[in-house]
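Single-structure report; data block below.
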Amino acid sequence: MLHALVAERLKQAHARVHALNVSTDAKTALTRQLLIVTETAKRDLPEAARRLSRFVQDLDEGRMPPR
């Protein structure tokens, strides 16, 4: 159940990043963060869910990675 939820939220997060009107460098940095979450999910699904929640919250609040 948690696996399906994390997978769906990762898919949504990738779509949001793709749709952002930001530089290619910013999109690359955000995508790397999502790839880290994906790798974490392979070993520690609850931790991946926490990281993804923080990532989405940062996106919601307009916090972008440093350039």
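Take 1 as the starting number for the sequence shown in UniProt numbering and just add one per residue.
Even glycine gets a Cβ: it sits at the ideal position worked out from N, Cα and C.
- Remark: C-beta atoms of Lys-27 and Val-37 do not approach each other more closely than 8 Å.
- Considering only Ser-23, Thr-24, Glu-39, the residue with the shortest C-alpha distance to His-3 is Glu-39.
- Sequence-distant Cβ neighbours of Arg-9 in its own chain, meaning closer than 6 Å and more than five residues away, are Leu-52.
- Every alpha helix (DSSP H) stretch that sits fully inside the segment 1 to 25 and reaches 4 residues is listed by chain position as 2 to 19.
- Relative to the Cα of Asp-58, the nearest Cα in the group Thr-24, Gln-33, Asn-21, Pro-46 belongs to Gln-33.
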